[in-house]
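Numbers 355 to 763, taken from the numbering used here, label the letters of the sequence shown in order. Beneath this line is the structure, given in structure tokens, with notes to follow.
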Amino acid sequence: MTAPITRRAEADNHEAAADSAPRGVWRIVTEREVVVKLRDRNFLISTVITIVAIVASLAVSGFMSGRTETIDIAVAGTDANQVVQTAGDLAELADSNVAFTSHPAADPAAVEQQVRDGAAEAGLVAGPDGWRLIGKESVNDEVNTYVTTAAQQLALQRNAEAAGTSLEELGRGGQVTYDVLDESAIDPGFARVLTFVFAFLFYIASLLFGMSIAQSVVEEKQNRIVEILASAIPLRQLLIGKIVGNTLMAFGQLVLFAGAGLAGLAMMGSADRVTQIAGAAGWFIVFFIVGFLALASLWAVAGSLATRNEDLQSTSTPLSMLIMIVLFLGIFASGTAQTVLSYVPIVSIVTMPARLAEGTAAWWEPIASLAVMAAAAYGIVVVAERIYRRSLLQTQGRLTYRQALNVED
């Protein structure tokens with residue numbers, strides 16, 4: 355029992371000496387954390403690579419979505435070419451990214467053989483009561499939709515002429531217009547993609563900066579540097595500096611990533627989407643910063659409980675699991691579950707911005723959720739600071755959270 359008592363006495367001496375240090379000394383620690391990160395070549399390279407990847411992925415996505423796919427159809431039978439041509443006209447009228455071409459085959463058997471051999475992507479042959487579409491392994495929805503519509507339109511036109519009327523007369527009164535009341539709303543599919551991006555950015559930033567904090571703490575503890583620091587500044591100031599420094603860097607990196615994404619969308623010609631998602635992206639950054647204050651303190655605790663880098667795998671497992679849970683809940687939660695989770699601290703970092711992107715949250719809900727997050731973050735930081743302060747100078751072996759809480763001040 356001598357060693358722990360001696361360590362506690364040393365800690366008391368360190369704290370007594372540090373209490374005379376200026377209260378704003380955490381700013382020095384913050385500056386040091388930021389400078390060290392900015393001089394880390396791996397961090398800078400990974401940030402640049404991620405930004406390039408974001409812009410490149412958006413550029414490739416824009417190119418692929420804007421590229422027209424031409425589908426070649428083998429045809430046999432009278433008027434088959436006209437059906438395919440009309441299908442192409444309908445696709446062009448609908449501003450679709452698909453076009454149709456046709457080439458004749460000798461008979462239906464030849465059409466089937468060309469489809470089997472891959473010489474044609476689909477086949478169209480005349481049947482006793484209309485037309486027969488042929489695919490190799492599955493139904494091509496675009497071919498089925500446009501060719502079927504074209505065949506029905508041509509049949510109606512012929513039948514109308516036979517009855518002494520016109521297609522326009524037959525269709526009178528059947529026009530349908532679609533008015534969207536909220537033109538600023540985000541497409542549901544795009545909103546889901548945006549939710550995935552929020553969850554992924556949360557996961558990457560939390561692990562990257564969180565593990566950096568934990569490794570920094572355990573290295574200082576393992577090299578006994580922390581004992582020198584503790585004699586110069588209060589441990590509370592040391593923790594605050596680490597949290598603020600890494601939070602600032604996480605904020606800067608997220609702003610760069612979000613800016614790259616918005617710039618990429620603008621370059622794709624999707625400026626309307628930029629204005630739509632800017633609000634949700636801004637709220638995500640705000641929620642992340644407030645939540646990361648709590649996560650950063652917990653990562654610092656994970657480092658203080660360890661005595662060497664090998665111990666981090668054990669002490670950081672609860673945090674890694676929490677971050678993984680938030681990732682999956684953010685991606686897959688929907689409906690009532692998503693609404694409830696948007697008020698649960700940490701999980702709300704992803705779920706509330708996701709609801710804002712989908713347009714299912716009232717204007718006051720992110721404010722209320724952020725207030726809950728801030729209160730929870732404050733409580734977590736207070737408890738984490740107590741564990742951090744009690745365990746940082748304990749170097750006899752890895753501590754559990756319960757053991758750290760039982761250590762007396």
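Even for Gly, the Cβ is constructed at its ideal location relative to N, Cα and C.
Does P462 come out as helix, strand or coil in the three-state DSSP assignment? In the structure shown, the three-state DSSP call for P462 is helix.
Compute the beta-carbon to beta-carbon distance between G689 and V388, rounded to the nearest angstrom, for a pair I have assumed lies under 8 Å. Between G689 and V388 the beta-carbon gap is near 41 Å, outside 8 Å, which marks them as no contact.
Give me, in chain order, the residues of the same chain whose beta-carbon lies closer than 7 Å to that of A656; leave out the 5 immediate sequence neighbours on both sides. Excluding sequence neighbours, A656 sits near A568, L666, T669, S670 and L673.
Might you give, ordered along the chain, the residues of its own chain that have their beta carbon closer than 7 Å to the beta carbon of Q511, omitting 5 neighbours on each side? So the list reads L521, once near-sequence residues are dropped.
Select from S585, I427, D471 and A634 the residue whose C-alpha is nearest the C-alpha of T549. Per the Cα distances, A634.
Three Cβ pairs or more, each shorter than 8 Å: is that satisfied between the region 427-442 and the region 381-400? Too few Cβ pairs lie closer than 8 Å, so no.
E369 by DSSP, collapsed to three states: which one? At E369, the pLDDT of 49 sits below 50, so the modelled position is not reliable and the matter cannot be decided from this model.
Are F767 and I703 touching if we call contact CB-CB under 7 Å? Past the edges of the chain, shown from 355 to 763, lies residue 767, and the structure says nothing about it.
For E522, report the span of its alpha helix (DSSP H) as first-last. From DSSP, the alpha helix (DSSP H) with E522 extends over L521 to L524.
Give the C-beta separation of A617 and V409 to the nearest angstrom, bearing in mind that I take them to be a contact with Cβ-Cβ under 8 Å. 7 Å between Cβ atoms; contact.
In this structure, how does DSSP classify Q757 when only helix, strand and coil are distinguished? It is helical.
Of the residues I594, Q748, A459 and T499, which one's Cα is nearest the Cα of A654? It is I594.
Put G543 into one of helix, strand or coil per three-state DSSP. If DSSP states are grouped into helix, strand and coil, G543 belongs with the helices.
Using three-state DSSP, classify R421 as helix, strand or coil. Assignment of R421 by DSSP, reduced to helix, strand and coil, places it in the coil class.
Look at the Cβ atom of V580, then the Cβ atom of L753, and state whether they are nearer than 7 Å. The Cβ-Cβ distance between V580 and L753 does not fall below 7 Å.
Helix, strand or coil for V644 per DSSP? In the three-state reduction of the DSSP assignment, V644 falls in the helix class, which pools H, G and I.
Secondary structure of A662, DSSP reduced to three states: The amino acid at residue 662 is misidentified as Ala; the sequence shows Arg. Here R662 sits in coil by DSSP.
Assess contact between the region 465-476 and the region 512-531, defined as three or more Cβ pairs (one per stretch) separated by less than 8 Å. Is contact present? Not touching, per the Cβ criterion.
Proximity to W718 [Cα-Cα], best of M706, A504 and F397: Comparing Cα-Cα distances from W718 to each of M706, A504 and F397, the minimum goes to M706.
Three-state class that DSSP yields for R393 in the structure shown: Coil, per DSSP.
Between the beta-carbon of T601 and the beta-carbon of A650, is there less than 7 Å? Contact: yes.
If you compare alpha carbons, which of Q529, F641 and Q591 is closest to A729? The residue with the shortest Cα to Cα distance from A729 is F641.
What are the residues that DSSP puts in a beta bridge with F454? I425.
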